[in-house]
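Sequential numbering of the sequence shown, starting at 1, is according to full-length UniProt numbering.
Yeah, the Cβ is synthetic: ideal placement off N, Cα and C, and Gly gets one too.
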Amino acid sequence: MSVVFEKPSLWNRIKPIFTGFDGPLLFAILWLAALGLVTMYSAGFDHGTRFVDHGRNMLLAFGILFVVAQVPPQKLMRLAVPLYAVGVLLLVAVALFGITKKGATRWLNVGVVIQPSEMLKIAVPLMLAWWFQRREGALRVSDFLVALLILAVPVGLIVKQPDLGTAILVLSAGLYVIFFAGLSWKLIIPVMVIGAIGITALVLSEDAICQPGVEWHVLREYQKNRVCTLLDPTTDPLGKGFHIIQGMIAIGSGGLSGKGFMKGTQTHLEFIPERTTDFIFAAFSEEFGLMGFALLLLGFIFLIFRGLMIAADAPSVFSRLLAGAITLSFFTYAFVNMGMVSGILPVVGVPLPFISYGGTAMVTLGLGLGILMSISKSRRFMRH
1 MSVVFEKPSL WNRIKPIFTG FDGPLLFAIL WLAALGLVTM YSAGFDHGTR
51 FVDHGRNMLL AFGILFVVAQ VPPQKLMRLA VPLYAVGVLL LVAVALFGIT
101 KKGATRWLNV GVVIQPSEML KIAVPLMLAW WFQRREGALR VSDFLVALLI
151 LAVPVGLIVK QPDLGTAILV LSAGLYVIFF AGLSWKLIIP VMVIGAIGIT
201 ALVLSEDAIC QPGVEWHVLR EYQKNRVCTL LDPTTDPLGK GFHIIQGMIA
251 IGSGGLSGKG FMKGTQTHLE FIPERTTDFI FAAFSEEFGL MGFALLLLGF
301 IFLIFRGLMI AADAPSVFSR LLAGAITLSF FTYAFVNMGM VSGILPVVGV
351 PLPFISYGGT AMVTLGLGLG ILMSISKSRR FMRH
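What follows is the structure, encoded as structure tokens:
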């Protein structure tokens, strides 16, 4: 008696590649991507090829998302150590042989010019999630100290470049992993209290510490200027305070419903600096107002909520920690960007996901969302 095995059809073989995607997560991504394209067209239609390039970058991000979503979390875990090691080595190479622009050494020529710090936004949470996966069930205080060391090395190298914006993003992504791994609130609350006291003292002593000639030994001069400008932007309204003042004027002039698509005067009369990159939120708020902001905020809230649900439902410690950290990283991006444009945080180079122009940032976004989709797909296939 012979047994006949029926050869699966081509569709049955490729079907897993195109199925299993998380519907709610995909909906949130498309929602924010649509808002990003509309905003970029309005803010950048008269700004060279910004809109076309933004669309191309977005397609590239979707391509990366699709490819990464096919990689199971177990295989992603194998990439953690080599990706982290390569990233740190490249940061060391930047410190030794990097390209300096406008006083910052952030780039490296390896045939093409790259910014290695971008890699660490994903490599650091990957590495820390791998570390805590290995220590599952036997966590000690020393394990958290090692995790802090793993985090401190790249953050220190990025701060030295200097690139405070990227350092904040890498630091926050790492701290999210450490928090989700079980760091005690008894250790977190004192740090938060000290931070609140420090910020209060900074605000109260602004008149004294922001005087010319007063040196801040921790921060560089331009970083001191950013903090002092945040505390009182009117001290230099046509210089260092110009960005913040114009951003607040644009946001306030949008009112409830905005001035209308492509009708932003602050935007198109060139009062908003970096209107297609770091300060695009000001252009968005001017044209679409509070109602447009509500739609944007709902999109981010839905994305973050869905990402945390994927993390909570993840099948392993590694995937749970990684999904949680990547999801809250999107929150950090949005909060820091909107905060600096609104004048409640210092101006740092942090893009608004989906909305701001930037190829490297869009690639990192696609990679992070692809990892989230991979973790969701793996859970779905395990159930079936």
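For K186, the enclosing alpha helix (DSSP H) covers residues W185 to L204.
Around the beta-carbon of G63, fewer than 16 other beta-carbon atoms lie within 10 Å, marking it exposed. Counting only unbroken stretches of 4 or more residues, the alpha helix (DSSP H) elements lying wholly within the stretch 21 to 92 are 23 to 44 and 50 to 69, in sequence order. The beta carbon of S319 is closer than 6 Å to those of P73 and I375 in its chain, skipping five residues each way along the sequence. From the listed residues V317, P353 and S342, the smallest Cα separation to Y333 is found for P353. Bounds of the alpha helix (DSSP H) holding W131 are S117 to R134. Taking the CA atoms as reference points, N57 sits about 11 Å from A33. Note on geometry: alpha-carbon atoms of G292 and L298 lie some 10 Å from one another. Under the three-state reduction of DSSP output, I114 falls in the strand class. Contact check for Q246 against I209 fails: the beta carbons are separated by 8 Å or more.
Check the Cα spacing between L169 and each of V146, L120 and E215: the tightest is with L120. Between L126 and L96, the gap from beta carbon to beta carbon reaches 8 Å or more.
The beta carbon of L230 sits closer than 6 Å to those of P346, all from its chain and outside the five residues before and after it, given in chain order. Annotation for L322: no beta strand (DSSP E) segment contains it, though the alpha helix (DSSP H) segment containing it runs V317 to S342. Taking the C-beta atoms as reference points, Y357 is found nearer than 8 Å to G44.
The alpha carbon of V350 has as its nearest neighbour, out of P190, A167, G252 and A181, the alpha carbon of A167. The straight-line gap separating the alpha-carbon atoms of E286 and D278 is approximately 15 Å. Take L367, set aside five residues on each side of it, and the residues of its chain with a beta-carbon closer than 7 Å to its own are I64, V68 and I122, in chain order.
Note on geometry: alpha-carbon atoms of A283 and L365 lie some 22 Å from one another. Comparing alpha carbon positions, the residue from D207, L91, G48 and M248 closest to V159 is L91.
Listed as beta-bridge partners of I99 by DSSP are W107. The beta carbons of R306 and L25 sit closer together than 8 Å. With a cutoff of 8 Å on beta-carbon distance, I326 and I371 are scored as near each other. In the displayed model, Y222 falls within a helix according to three-state DSSP. In chain order, Y176, F180, L308 and A311 place their CB closer than 7 Å to the CB of G324, counting only its own chain and leaving out the 5 sequence neighbours on each side.
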